[in-house]
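Worksheet: one structure, shown below.
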């Protein structure tokens, strides 16, 4: 069983390796990759050992084969489908961010309560009425739900997604969802992220003032 | 020095405590709060000891005083200002998410290259041309930058924000920013989040299939 932290790092490695491949790089050493990620070379090597792929001493890892090894683990052997609920600014931003980006993962359907949005195509994705959630999720073999509705609607939407049979949720609403363990949930918490940056920004400002005073 | 993980948890505790206060709750035990967060009671108590606030045995923590203690740590004694760069769907979603939400933290200015957006107010926030970044950041005493531009523009925007004097960045672009240590950076990585949910959703599906086969 691979941990959440390892999966996060593998996703990052792959993004960076794809950039390097596009720039013509053929091989990379663990400490170079670690430096690009502000991480440790030993961690990089441990992660790749979990993939069953080891580099060649001195010449390092082959970039193309490393991308393939990571993709074998991260990507589904079949196409995996996601449903997006909520087509406000955030939902549209998510659609345009992910639209056409992957071979193995796609947002196949969007859902909203606004009649002006329903039965139309947004960034290449069809929007359905909320009542169609269960049949569309089943017909299109969707197993991931993305929640981009206001906080007070999120728990209800999450439960509807679970009843429709999805097994993973990416939640953007600022609430903790209460769901059975059979569904994997990750919350992208914008408020927490901004509060954290605000806190540590203040610490940096204080540190600078102290350094100036010391001089 | 309080760790990033502790700051994240304090932000979450406060959100939950504010909900509880709104529902009329006056006190809470550490294990109740831990259960709401899928965490451990000992961790909750350690976190609150760092705030210098301890509960009363058997009756627990006073909800109102706990919120005040967390706010004393997380919130700035003066108003803290943020600048948002990029007013696409994501930027507008961020503005509407944060608009008017806090007393102590506000997005004071937005920036975009689109002339149709510049010199107008969006969700109560004025949009300026990119050329005005440095003077506006200085005049409005802004110390946080929020980056919601496409990947290929993010590094340039981050450097411009640093030159303007900000000390913390919340980055939504799918790139690792290379910046001096004097600036705190957090990246909200949508691609990584969705890849992680997709991976663990597949594991849950496999587990269900195995359970069904076993029966």
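Chains as they are written, first to last, in my numbering: chain A, 14 to 228; chain B, 14 to 228. All C-beta atoms in this analysis are idealised placements derived from N, C-alpha and C, irrespective of residue type, glycine included.
Among the options, which one has its Cα closest to the Cα of residue i?
{"i": "residue 161/A", "options": "192/A, 105/A, 179/A", "result": "105/A"}
{"i": "residue 187/A", "options": "32/B, 14/B, 18/B, 16/B", "result": "32/B"}
{"i": "residue 189/A", "options": "205/A, 176/A, 14/A", "result": "205/A"}
{"i": "residue 12/A", "options": "141/A, 135/A, 134/A", "result": "Limits of chain A in this structure are 14 at one end and 228 at the other, which puts residue 12/A out of reach."}
{"i": "residue 49/B", "options": "139/B, 27/B, 223/B", "result": "27/B"}
{"i": "residue 167/B", "options": "201/B, 139/B, 135/B", "result": "201/B"}
{"i": "residue 24/B", "options": "83/B, 165/B, 128/B", "result": "83/B"}
{"i": "residue 179/B", "options": "134/A, 213/A, 97/A", "result": "213/A"}
{"i": "residue 222/B", "options": "62/A, 195/A, 91/A", "result": "195/A"}
{"i": "residue 91/A", "options": "143/B, 225/B, 220/B, 215/B", "result": "215/B"}
{"i": "residue 171/A", "options": "108/A, 146/A, 139/A", "result": "146/A"}
{"i": "residue 176/B", "options": "165/B, 155/B, 130/B", "result": "155/B"}
{"i": "residue 208/B", "options": "164/A, 87/A, 69/A, 15/A", "result": "87/A"}
{"i": "residue 95/B", "options": "51/B, 153/B, 173/B", "result": "153/B"}
{"i": "residue 22/B", "options": "149/B, 164/B, 80/B, 115/B", "result": "80/B"}
{"i": "residue 115/B", "options": "193/A, 211/A, 29/A, 37/A", "result": "211/A"}
{"i": "residue 150/A", "options": "165/A, 191/A, 97/A", "result": "97/A"}
{"i": "residue 164/A", "options": "148/A, 203/A, 29/A, 129/A", "result": "203/A"}
{"i": "residue 148/B", "options": "70/B, 219/B, 173/B", "result": "173/B"}
{"i": "residue 71/B", "options": "45/B, 129/B, 217/B", "result": "45/B"}
If you drop the 5 nearest sequence neighbours on each side, which residues of the same chain put their C-beta closer than 6 Å to that of residue i?
{"i": "residue 183/B", "result": "159, 199"}
{"i": "residue 43/B", "result": "54, 57, 58"}
{"i": "residue 118/A", "result": "93"}
{"i": "residue 181/B", "result": "157, 197"}
{"i": "residue 89/B", "result": "117"}
{"i": "residue 47/A", "result": "53, 54, 57"}
{"i": "residue 12/B", "result": "In the structure displayed, chain B extends from 14 to 228; residue 12/B sits before or after that span and is not available."}
{"i": "residue 137/A", "result": "112"}
Just reading off the beta strand (DSSP E) that residue i is part of, what are its end residues?
{"i": "residue 93/A", "result": "93-98"}
{"i": "residue 46/A", "result": "Per DSSP, residue 46/A belongs to no beta strand (DSSP E); it is in the alpha helix (DSSP H), 43-49."}
{"i": "residue 64/A", "result": "Element bounds for residue 64/A: n/a, residue is neither H nor E."}
{"i": "residue 184/B", "result": "181-184"}
Hey, quick one: how far does the alpha helix (DSSP H) through residue i stretch, first residue to last?
{"i": "residue 19/B", "result": "17-35"}
{"i": "residue 108/A", "result": "102-111"}
{"i": "residue 170/B", "result": "164-177"}
{"i": "residue 118/B", "result": "That residue, residue 118/B, is in no alpha helix (DSSP H); its beta strand (DSSP E) goes 118-125."}
{"i": "residue 76/B", "result": "76-87"}
For residue i, collect the residues of the same chain with a Cβ closer than 7 Å to its Cβ; drop the 5 residues on either side in sequence, then sort them by chain order.
{"i": "residue 111/A", "result": "120"}
{"i": "residue 103/A", "result": "161, 185"}
{"i": "residue 41/B", "result": "33, 73, 74, 76"}
{"i": "residue 133/B", "result": "140"}
{"i": "residue 15/A", "result": "63"}
{"i": "residue 135/A", "result": "100, 105, 108, 123"}
{"i": "residue 131/B", "result": "125, 140, 141, 142"}
{"i": "residue 30/A", "result": "76, 79, 80"}
Of all Cβ atoms in chain C, is any one closer than 8 Å to the Cβ of residue i?
{"i": "residue 39/B", "result": "The chain labelled as chain C is not found among the protein chains of the depicted structure, namely A and B."}
Could you name the residues of the same chain whose beta carbon sits closer than 8 Å to that of residue i, not counting the 5 residues immediately before and after it, in chain order?
{"i": "residue 78/A", "result": "66"}
{"i": "residue 39/A", "result": "75, 76, 77"}
{"i": "residue 225/B", "result": "none"}
{"i": "residue 19/A", "result": "60, 63"}
{"i": "residue 193/A", "result": "175"}
{"i": "residue 191/B", "result": "168"}
{"i": "residue 144/A", "result": "none"}
Ranges of the alpha helix (DSSP H) found wholly within the region 132-156 of chain A, counting only runs of at least 4: Secondary structure in the region 132-156 of chain A: the alpha helix (DSSP H) runs of 4 residues or longer, each lying completely within the stretch, are 146-152 in chain order.
Chain A contacts made by the region 92-112 of chain B, where a contact means CB separation under 9 Å: Those residues of the region 92-112 of chain B that come within reach of chain A (Cβ to Cβ, closer than 9 Å) are 93, 95, 101, 102, 103, 104, 105, 106, 107, 108, 109, 110, 111.
Where the region 18-31 of chain B meets chain A: residues whose CB sits under 8 Å from a CB there: Cβ contacts with chain A come from 20, 21, 24, 25, 28, 29.
Near-chain B residues of the region 199-218 of chain A - C-beta to any C-beta below 8 Å: Listed in sequence order: 199, 201, 202, 203, 204, 205, 206, 207, 208, 209, 210, 211, 212, 213, 214, 215, 216, 217, 218.
Entirely enclosed alpha helix (DSSP H) segments - the region 187-228 of chain B, minimum 4 residues: Listed in chain order, they are 203-227.
Near-chain A residues of the region 136-157 of chain B (beta-carbon distance less than 8 Å), N- to C-terminal order: Per Cβ criterion, the list reads 156, 157.
Residues of the region 178-197 of chain B whose Cβ lies closer than 8 Å to any Cβ of chain A, in chain order: Residues passing the 8 Å Cβ filter: 179, 180, 181, 182, 183, 187, 189, 195, 196, 197.
The region 61-76 of chain B: positions lying closer than 7 Å to chain A by Cβ: Near chain A, meaning a CB-to-CB distance below 7 Å, no residue of the region 61-76 of chain B qualifies.
Where the region 44-58 of chain B meets chain A: residues whose CB sits under 8 Å from a CB there: Per Cβ criterion, the list reads 49, 50, 51.
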